[in-house]
Amino acid sequence: MKKLDKNKLILGIAAPVLAIVAALLITSVIILATGKDPLHAYAVMADFGSKSDSQVWIINKAVPYYLSALAVAIGFRMNLFNIGVDGQYRIAAFFAAVVGGALTLPGFLQIPLIILVAMLVGSVWAGIAGVLKTTRGVSEVITTIMLNAIAAAVIGYFLQDGRLAVKDGNLFHTPNLPASSHFFTIPTQPAPLDGFLVIAVVVGFAYWFVLNRTRFGFDLRTVGQSESAAEAGGVSVKRMIVTSMLLSGGAAGLIGMPTLLGTSYNYGTDFPIGIGFTGIAIALLGRNHPVGMAVAALLWGFLERTGTQLEFEDYQQEIVGVMQGVIVLCVVVAYELVRRYGLRLQQRQVGEELAAQARKTEKAEVSA
Amino acid sequence: MELRGITKRFPGVVANHDIDITIHRGTVHALVGENGAGKSTLMKILYGMQKPDEGTISIDGDQVSFHSPADAIARNIGMVHQHFMLADNLTVLENVVLGGEKLHGIGGKARAEIIKISDRYGLGVRPDVLVEDLGVADRQRVEILKVLYRGARTLILDEPTAVLVPQEVDALFDNLRELKAEGLTVIFISHKLGEVLSVADDITVIRRGTTVASVVPGETTPKQLAELMVGSELPSPQTRESTVTDVEMLKVDGLRLSTADAEGVERTVLDEVSLTIRKGEVLGIAGVEGNGQAELVEAIMGMRDPDGGTITLDGVDISHRPTRARREDGIGYIPEDRHRHGLLLEAPLWENRILGHVTEKPNAKGRLLDLKAARADTARIVAEYDVRTPGIEVTAASLSGGNQQKLIVGREMSHHPKLLIAAHPTRGVDVGAQAQIWDQIRAARREGLAVLLISADLDELIGLSDGLRVMYRGRLVADADPATITPEELGSAMTGAASGHLTHSDSDTAADSEPRPSQEGESE
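Keeping their order, the protein sequence lines are chains E and G. Start counting the first sequence at 1; every next residue gets the next number (the working numbering). Start counting the second sequence at 369; every next residue gets the next number (the working numbering).
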């Protein structure tokens, strides 16, 4: 039994290591093809990425990425592909910004209220896809993609002077949040860390706890592994689909909060977009595991931070995008390979162990 | 054809080692063995789907090495798979020529060839019928014809009788004898010993991946064969005593259910089904698959909502209760398809132990899982129900079918159900596990469990049940007393030929020698 556990651990680490090594090799070939030295590029990245201001930047960047990955992972564990996290967090952040900008309550009321509004709006937006899937059988992949476009259109409509936005130079944005709504920061040198880091850690822990330690989480994972077995086991698959879409959307609602409450204090035309798609990559890379996704989010931040530095060294900045793409591809392939290999390995080991047991008893019978 | 020292180290539970078989031209050669003994692997090697690690195959003295089924077909070996590989929306002709267009074209010549083959071996195949309109037995004949059309002189049949009722089995055996008479060789895989003895010229027994005996049917009995298969003496037959009480446990009254099929046409799948099972009673439902048995089970389990009628469990109306509530109320469920409905294949055994009982002790404390207790209880089930596994952390997929089933039976029994629904409880399960599962059902019945048993194995049905009902096109059309009925009589009622109360006619005495599950492994 010990042997099996050890194998499990080795296989668990083997997949990401294999993926990163393969990704490094492929990226090196690409950099070589552009006529540059890949090793130097890596050295520049490592050097720049380990500077303390880079580290703070990377961690702050990783927080929304991590939240996004969690939102996507909730769907993945259910075998649902919530590709609409992007639209969910944007529309959630937008309405949270509108509500926050309209009120002036003390911070201990206002901040939770803004976060709550964001989670609710995110839930509703994702819930639409869940309800359509269970009542009309529409694939959540299709609906969530469409809802992304609809979210962008809705925001575009309201984000105009005289509607819900104010004009500020060339930009439109929602009225600024009052100072009471500014989230706390963790004082570090040279720049402070975003206080939302704490929320991200708490949500990550909750994700792990609910999935692995509660009846609800077991039901959710059951549906993800086998819908038919879950149905026979007494799980209402339809209700589970809606519930998990609501949860996924709720988590998505948090993605925009570090930006809204920590840096921008409003939702404007320059509000970051695309974090929902980054979350998909990070969830894949981190294998839906709360710690794995944290590592993946940091890696993503690292690549983005150091990518900018490559430009100064006369590399194409796009090389970072290539790296990210290659890593995700390698990870998906490597995990599938390792998973299949692991399953086969285990079947063989079980077979061998049982055969050995059988032989032993046979011998015992013969000698007796 | 000769196989010598075939060894296959295969990522599975049983590998083949040192297989030696000699198959003579123009004979029916049966390969028998428990499920998981390595029969299928051996067949895949013969048909070129797997390459052996060691050993040689020779045909007519030439040593051959197959890299793909195409190589095997080139040496005139054909295979009829257990699961048919036919396109429903094509005609028989189209199915036969599919992939073999170069042989005789796709038109008149091909049709003439099909009719020629069909007449020659008495297959009775009509080339222009849509496959979807054919019954199971006809489809099987199409599969055989497909293989013959490609020039096969050696046919491998993988468990061909698993899907047939007794009359159809007899017809198939007549076809096989025709083939033999024409000089063809048939390799016949089965674990139904009675059938093997009636049709085979030679029998090779496989156990734990290797050949343990070659016997001739005239010199052996089903009991001896079964003992060779499991490698030990089987438990002796046990006498039956009725444990039926007069307390009603499950009452189904006028149950109706219709579903829309793929074309959107409403079809009645359950039509006024009424039945009562009392404490300590096993009620067996016989029927050709697809006549509403699966829907009946799903309606009782709450996986389908009936359109009309009531389901009463222990005096409580559960007609529209959710599945989970019914499980908590005491329905145990051994599903027909354990991979789809009974297990999480890639999850460890202890998670599989929780499946379906997540709200119940020892798996949960309040809304939280109790992993420690669940693990401890899994270890108990593994020990008590003799699940052969190195531990409870391995995935369910790495166990053999029989051991998976023992785990499911153990899990369902551990919650002391009032009603057990057992759908094909020993399908794809080896003889040893089969006897254990039967024993467990009998033991539970003695303690007052009500059992709804659905099975395609008529011997199992007759041997275990206290009462029998026959299901045909969504209705319970006939009932019978298992003490007197024979599989043949039951089989004809399953085709809709008889209804009402079936009584045993004494003219049919041959059937009395048929083995029953009450005589343990003999029926396997």
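Cβ atoms here follow ideal geometry from the backbone N, Cα and C, with glycine treated the same way. A quick note: this is a predicted structure, and the numbers were derived from the prediction, not measured.
Where the alpha helix (DSSP H) containing residue i begins and where it ends
i: residue 240 (chain E); result: 237-255
i: residue 60 (chain E); result: 52-77
i: residue 514 (chain G); result: 504-517
i: residue 618 (chain G); result: Element bounds for residue 618 (chain G): not the alpha helix (DSSP H) but the beta strand (DSSP E), 616-628.
i: residue 747 (chain G); result: 739-752
i: residue 472 (chain G); result: 469-472
i: residue 487 (chain G); result: 476-488
i: residue 450 (chain G); result: Residue 450 (chain G) -> no alpha helix (DSSP H), and no H or E assigned at all.
i: residue 228 (chain E); result: 227-232
Alpha-carbon to alpha-carbon, residue j and residue i
i: residue 644 (chain G); j: residue 727 (chain G); result: 28 Å
i: residue 352 (chain E); j: residue 771 (chain G); result: 15 Å
i: residue 556 (chain G); j: residue 206 (chain E); result: 57 Å
i: residue 675 (chain G); j: residue 621 (chain G); result: 12 Å
i: residue 578 (chain G); j: residue 387 (chain G); result: 5 Å
i: residue 753 (chain G); j: residue 792 (chain G); result: 18 Å
i: residue 92 (chain E); j: residue 142 (chain E); result: 20 Å
i: residue 688 (chain G); j: residue 787 (chain G); result: 17 Å
i: residue 664 (chain G); j: residue 639 (chain G); result: 10 Å
i: residue 66 (chain E); j: residue 293 (chain E); result: 6 Å
i: residue 400 (chain G); j: residue 857 (chain G); result: 27 Å
i: residue 847 (chain G); j: residue 830 (chain G); result: 12 Å
i: residue 650 (chain G); j: residue 825 (chain G); result: 15 Å
i: residue 899 (chain G); j: residue 332 (chain E); result: Shown here, chain G extends from 369 to 892; a query on residue 899 (chain G) therefore has no answer.
i: residue 15 (chain E); j: residue 324 (chain E); result: 17 Å
i: residue 39 (chain E); j: residue 275 (chain E); result: 29 Å
i: residue 378 (chain G); j: residue 459 (chain G); result: With a pLDDT of 48 at residue 378 (chain G), under the threshold of 50, the modelled position of this residue cannot be trusted, and the question is left open.
i: residue 136 (chain E); j: residue 251 (chain E); result: 25 Å
i: residue 841 (chain G); j: residue 628 (chain G); result: 15 Å
i: residue 802 (chain G); j: residue 768 (chain G); result: 13 Å
i: residue 50 (chain E); j: residue 273 (chain E); result: 27 Å
i: residue 48 (chain E); j: residue 54 (chain E); result: 7 Å
i: residue 492 (chain G); j: residue 744 (chain G); result: 58 Å
i: residue 564 (chain G); j: residue 340 (chain E); result: 37 Å
i: residue 350 (chain E); j: residue 291 (chain E); result: 30 Å
i: residue 529 (chain G); j: residue 762 (chain G); result: 33 Å
i: residue 152 (chain E); j: residue 450 (chain G); result: 53 Å
i: residue 318 (chain E); j: residue 27 (chain E); result: 12 Å
i: residue 558 (chain G); j: residue 584 (chain G); result: 16 Å
i: residue 431 (chain G); j: residue 373 (chain G); result: 13 Å
i: residue 186 (chain E); j: residue 330 (chain E); result: 36 Å
Those residues which DSSP pairs with residue i across a bridge
i: residue 716 (chain G); result: G:763
i: residue 583 (chain G); result: G:571
i: residue 186 (chain E); result: E:193
i: residue 558 (chain G); result: G:400
i: residue 445 (chain G); result: G:522
i: residue 770 (chain G); result: Note: residue 770 (chain G) sits in no beta bridge, so no partner.
i: residue 635 (chain G); result: G:627
i: residue 732 (chain G); result: G:737
i: residue 654 (chain G); result: G:838
i: residue 459 (chain G); result: G:498
i: residue 679 (chain G); result: G:620
i: residue 646 (chain G); result: G:616
i: residue 268 (chain E); result: E:173
i: residue 371 (chain G); result: G:389 and G:425
Residue i, enclosing beta strand (DSSP E) - first and last residue
i: residue 671 (chain G); result: Segment: none, residue 671 (chain G) is in no beta strand (DSSP E) and carries neither H nor E.
i: residue 700 (chain G); result: 699-702
i: residue 40 (chain E); result: From DSSP, residue 40 (chain E) is part of no beta strand (DSSP E) but of the alpha helix (DSSP H) over 38-49.
i: residue 167 (chain E); result: 166-168
i: residue 172 (chain E); result: 171-173
i: residue 870 (chain G); result: 868-870
Nearest-angstrom Cβ-Cβ length linking residue i and residue j, presumed shorter than 8 Å
i: residue 84 (chain E); j: residue 145 (chain E); result: 7 Å
i: residue 225 (chain E); j: residue 712 (chain G); result: 5 Å
i: residue 822 (chain G); j: residue 653 (chain G); result: 5 Å
i: residue 548 (chain G); j: residue 448 (chain G); result: Wrong, their Cβ atoms sit about 15 Å apart, outside the cutoff.
*Tell me the start and end of each unbroken alpha helix (DSSP H) in the region 787-860 of chain G that is at least 4 residues and wholly inside, in chain order.*
If only uninterrupted alpha helix (DSSP H) runs of at least 4 residues are considered, those enclosed by the region 787-860 of chain G are 799-814 and 826-832.
_Entirely enclosed alpha helix (DSSP H) segments - the region 373-434 of chain G, minimum 4 residues_ = 407-414
*Can you list, in chain order, the stretches of the alpha helix (DSSP H) that have 4 or more residues and sit fully within the region 101-146 of chain E?*
107-136
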